[in-house]
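Remarks on the structure that follows.
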Amino acid sequence: MSMVTVEKLSVTYRGENGEVDALHDVSLALEEGASCAVIGPSGCGKSTLLFVLAGLNGQWNGRAAIGGRHPAPGRQEIALILQDYGLLPWKTVWQNTVLGLKIRGVSGPDLRARGEKVLRQMGIWELHSLYPAQLSGGQRQRVGIARSLSLEPDVLLMDEPFSSLDALTRERLQDLVLEIWKRRSLTMVLVTHSIEEAVFLGERIIVLSPRPGRVVKAINNPLAGDVGARKDARFHSLATEIRRTLVEGMQ
Amino acid sequence: MKECSKNILPRAGAVLVLLLLWHMLARALQLAILPGPLEAFSVFFAEMQKGLGHHFLISTYRVLAAILVSFAVGVPLGLLLGREEKLDRFFSPFVYLIYPIPKVVFLPLVMVLLGLGDLAKIFLITLVVVFQIFMTTRDAAKGVNKAVIYSMQSLGANRLQIYLHVVWPACLPKVLTALRIGSGTAIAILFIAETWSSRVGLGYYLLNAWSSFMWDKVFAGIIGMALLGFIIYTALDFLERKLCPWEYV
């Protein structure tokens with residue numbers, strides 16, 4: 000059984016200016032421990048797909064399931080990391096990190112142990128008493144990742160998690176996510192604008208068309224998960240192929 | 000401590016400049032209606048030992064009670080209508096109709112219905128201030144970052160937890176700003192309310208001194224009102240630093 004299943008998923012938004020088709024007949028299946036990168040132009044419904052899987056968007060047709068069950072917000076095995084980190088400015092790094100645990104009813108020594116462990120893993124324990132405004136973009140995203148990992152999820156959903164970071168910080172965090180993915184055998188769905196990021200992290204790469212998003216191409220990527228892949232000639236030829244597919248899809 | 004002295008010095012400087020300007024104006028005009036700051040303050044301190052202290056305490060009680068009631072009513076309502084679209088759609092037309100009416104025109108009606116005591120004055124001040132706090136809180140609640148709400152929902156937060164962890168702290172700095180603005184309005188309405196059929200309060204003291212042409216006492220009353228506003232404003236400033244530390248990092 001697939002860990003993540005999407006079959007003929009269509010999403011239509013009803014707004015003041017009428018109906019807008021965000022996604023049309025999108026299908027994908029991911030086995031446990033696999034990673035998938037979804038890439039496409041702005042407004043193609045990438046984030047909508049992720050929000051459906053996170054249970055934050057209930058208005059869809061078709062089939063979507065995680066672990067064979069209907070997506071719902073707050074499911075124990077799912078964690079979501081957002082583009083702008085989703086941190087609460089009024090809570091310290093520590094309070095932000097353990098917030099998910101608190102909401103899910105974890106308390107006392109267990110909460111303290113899990114919070115401290117994940118902050119130390121992320122290398123930001125020393126920052127635990129600071130507020131998000133006192134952190135760099137990279138540090139903030141580490142807190143966002145720490146908060147998600149503290150929940151010990153099986154499925155990690157990421158919505159353009161590194162898009163607002165500088166190139167070097169982005170690469171460092173991509174390496175970090177790669178390491179976590181391998182160590183924890185997470186099933187990962189990453190929505191991204193970055194072709195290089197998709198090739199680096201996605202075992203399966205789904206290229207979507209402009210709105211309404213349809214699957215233009217699904218690519219199996221043997222280079223994903225290889226730390227040295229960025230220097231590989233095949234990495235660049237795959238990136239070129241995806242770029243070409245994106246350009247053709249927009250014409 | 001460092002933060003505290005950072006604020007005290009400019010404020011002390013502003014007080015000195017204002018006193019100097021007042022002194023120069025009084026010296027230039029040489030009118031009985033405008034005593035100098037030295038004379039006014041000496042009368043103020045002398046009067047505080049006598050009746051003015053009592054008037055000051057009563058007025059403080061009325062303003063604080065009105066601000067507290069306005070807070071207790073305006074903030075929950077503002078949070079609720081700011082976040083619950085259906086409720087907002089239902090109540091918005093009423094708010095838009097009632098908000099522009101200058102509430103002070105209801106003074107005679109309030110006096111007839113609630114009498115001449117503290118209750119009527121507190122009610123009238125509340126009637127004005129509650130709208131300022133409600134409107135600011137509602138707008139702040141509407142403007143809460145959607146991404147943060149999604150992030151909380153993905154963690155499994157229920158509606159109450161979203162109010163507690165997101166909506167309330169996101170609105171708190173703006174609520175405190177509304178309280179600061181509202182405190183100035185409250186004192187202005189207090190003055191009007193206390194000049195109507197009142198026997199106690201800074202407004203009554205001022206009107207009494209004014210009608211007796213005791214200009215030094217008029218200024219003692221004005222200093223009392225300014226002091227009341229300054230104390231409330233400074234207390235709210237202090238409260239914001241304590242309750243919203245993330246705003247000052």
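From first to last, the protein sequence lines are chains G and S. Just so we're aligned: the first sequence equals residues 0 to 250 in numbering that gives the first Met the number 0. Just so we're aligned: the second sequence equals residues 0 to 248 in numbering that gives the first Met the number 0. For each residue, glycine too, the CB sits at the ideal point set by N, CA and C.
Proximal chain S residues relative to residue i, where beta-carbon distance stays under 7 Å
i: residue 72/G; result: 152, 153 and 155
i: residue 88/G; result: 245
i: residue 102/G; result: 154, 155, 156 and 160
i: residue 138/G; result: Within 7 Å Cβ-Cβ: nothing; residue 138/G doesn't reach chain S, min ~14 Å.
i: residue 55/G; result: 149, 152 and 153
i: residue 132/G; result: 245 and 248
i: residue 189/G; result: Within chain S, no residue comes near residue 189/G; the closest Cβ sits about 15 Å away, beyond 7 Å.
Residue closest to residue i, alpha-carbon to alpha-carbon, out of the options
i: residue 155/G; options: 49/G, 134/G and 121/G; result: 49/G
i: residue 168/G; options: 230/G, 136/G and 142/G; result: 136/G
i: residue 129/S; options: 224/S, 247/S, 71/S and 141/S; result: 71/S
i: residue 55/S; options: 247/S, 248/S, 219/S and 241/S; result: 219/S
i: residue 68/G; options: 0/G, 193/G and 226/G; result: 0/G
i: residue 58/G; options: 35/G, 134/G, 149/G and 19/G; result: 19/G
i: residue 269/G; options: 193/G, 203/G, 97/G and 174/G; result: Summary: the structure shown does not reach residue 269/G, with chain G confined to residues 0 through 250, and so no result is reported for it.
i: residue 118/G; options: 133/G, 105/G and 95/G; result: 95/G
i: residue 146/S; options: 113/S, 134/S, 19/S and 169/S; result: 169/S
i: residue 200/G; options: 177/G, 213/G and 218/G; result: 177/G
i: residue 224/S; options: 110/S, 248/S, 49/S and 183/S; result: 183/S
i: residue 195/S; options: 151/S, 109/S and 180/S; result: 109/S
i: residue 78/G; options: 148/G, 231/G, 220/G and 134/G; result: 148/G
i: residue 170/G; options: 86/G, 227/G and 9/G; result: 227/G
i: residue 24/G; options: 7/G, 191/G and 141/G; result: 7/G
i: residue 13/G; options: 41/G, 56/G and 99/G; result: 56/G
i: residue 221/G; options: 40/G, 231/G and 127/G; result: 231/G
i: residue 116/S; options: 16/S, 133/S and 200/S; result: 200/S
i: residue 183/G; options: 41/G, 205/G, 32/G and 28/G; result: 32/G
i: residue 245/G; options: 104/G, 90/G, 5/G and 41/G; result: 41/G
i: residue 174/G; options: 223/G, 191/G, 151/G and 190/G; result: 223/G
Supposed close pair residue i, residue j - CB separation, criterion 8 Å
i: residue 125/G; j: residue 161/G; result: Not quite, the Cβ-Cβ distance comes to about 22 Å (not below 8 Å), so this is no contact.
i: residue 38/S; j: residue 216/S; result: In fact, because the Cβ distance is near 11 Å, the residues do not count as touching under 8 Å.
i: residue 78/S; j: residue 140/S; result: 5 Å
i: residue 243/G; j: residue 21/G; result: Going by Cβ atoms, the distance from residue 243/G to residue 21/G rounds to 25 Å, so no, they are not a contact pair.
i: residue 143/G; j: residue 86/G; result: 6 Å
i: residue 124/S; j: residue 25/S; result: In fact, because the Cβ distance is near 32 Å, the residues do not count as touching under 8 Å.
i: residue 185/S; j: residue 65/S; result: 6 Å
i: residue 70/G; j: residue 63/G; result: 6 Å
i: residue 80/G; j: residue 157/G; result: 5 Å
i: residue 120/S; j: residue 189/S; result: 7 Å
Amino acids of chain S, ordered along the chain, whose beta-carbon sits closer than 8 Å to that of residue i
i: residue 99/G; result: 154 and 155
i: residue 155/G; result: Near residue 155/G there are no residues of chain S at all, since even the closest Cβ is about 11 Å away, more than 8 Å.
i: residue 22/G; result: In chain order: nothing, as chain S lies at least about 18 Å away.
i: residue 148/G; result: The premise fails here: residue 148/G is roughly 13 Å from chain S at the closest Cβ pair, so nothing lies under 8 Å.
Span of the beta strand (DSSP E), counted from its first residue to its last, around residue i
i: residue 60/G; result: 59-65
i: residue 23/G; result: 17-29
i: residue 157/G; result: 154-158
i: residue 196/S; result: First-last for residue 196/S: undefined, no H or E at that position.
i: residue 34/G; result: 34-38
i: residue 79/G; result: 77-80
Element boundaries [alpha helix (DSSP H), containing residue i]
i: residue 43/G; result: First-last for residue 43/G: undefined, no H or E at that position.
i: residue 90/G; result: No alpha helix (DSSP H) contains residue 90/G, which DSSP labels as neither H nor E.
i: residue 11/G; result: Element bounds for residue 11/G: not the alpha helix (DSSP H) but the beta strand (DSSP E), 3-14.
i: residue 207/S; result: 201-210
i: residue 234/S; result: 214-242
i: residue 141/S; result: 117-141
i: residue 241/G; result: 232-249
i: residue 204/G; result: Where residue 204/G is concerned, there is no enclosing alpha helix (DSSP H), although the beta strand (DSSP E) it sits in stretches over 203-207.
i: residue 218/G; result: No alpha helix (DSSP H) holds residue 218/G; the beta strand (DSSP E) holding it covers 214-219.
i: residue 146/S; result: 145-154
i: residue 111/S; result: 106-113
i: residue 118/G; result: 107-120
i: residue 32/S; result: Looking at the DSSP string, residue 32/S is not in any alpha helix (DSSP H), and its letter there is neither H nor E.
i: residue 159/S; result: 158-161
7 Å Cβ cut-off: residues of chain G touching residue i
i: residue 45/S; result: Per Cβ cutoff of 7 Å: no residues; residue 45/S is ~47 Å from chain G at best.
i: residue 147/S; result: 85 and 87
i: residue 165/S; result: 87
Contact set between residue i and chain G, taken where Cβ atoms lie within less than 9 Å
i: residue 140/S; result: The contacting residues do not exist; residue 140/S stays about 15 Å from chain G at best.
i: residue 168/S; result: 87, 88, 89 and 90
Beta-carbon neighbours of residue i, restricted to chain S and to distances below 9 Å
i: residue 27/G; result: Going along chain S, no residue has its Cβ under 9 Å from residue 27/G, so there is no contact; the nearest lies around 20 Å.
i: residue 245/G; result: Under the 9 Å cutoff, chain S gives no residues; its nearest Cβ is about 25 Å from residue 245/G.
i: residue 118/G; result: Result: empty, since nearest Cβ-Cβ is about 17 Å, beyond 9 Å.
Could you tell me which uninterrupted beta strand (DSSP E) segments, each at least 3 residues in length, are contained entirely in the region 149-194 of chain G, listed from first to last along the chain? As far as the region 149-194 of chain G is concerned, its whole beta strand (DSSP E) runs of at least 3 residues are 154-158 and 186-191.
*Residue ranges of each alpha helix (DSSP H) run of no fewer than 4 residues wholly in the region 35-103 of chain S, ordered along the chain?*
36-48, 51-82 and 84-97
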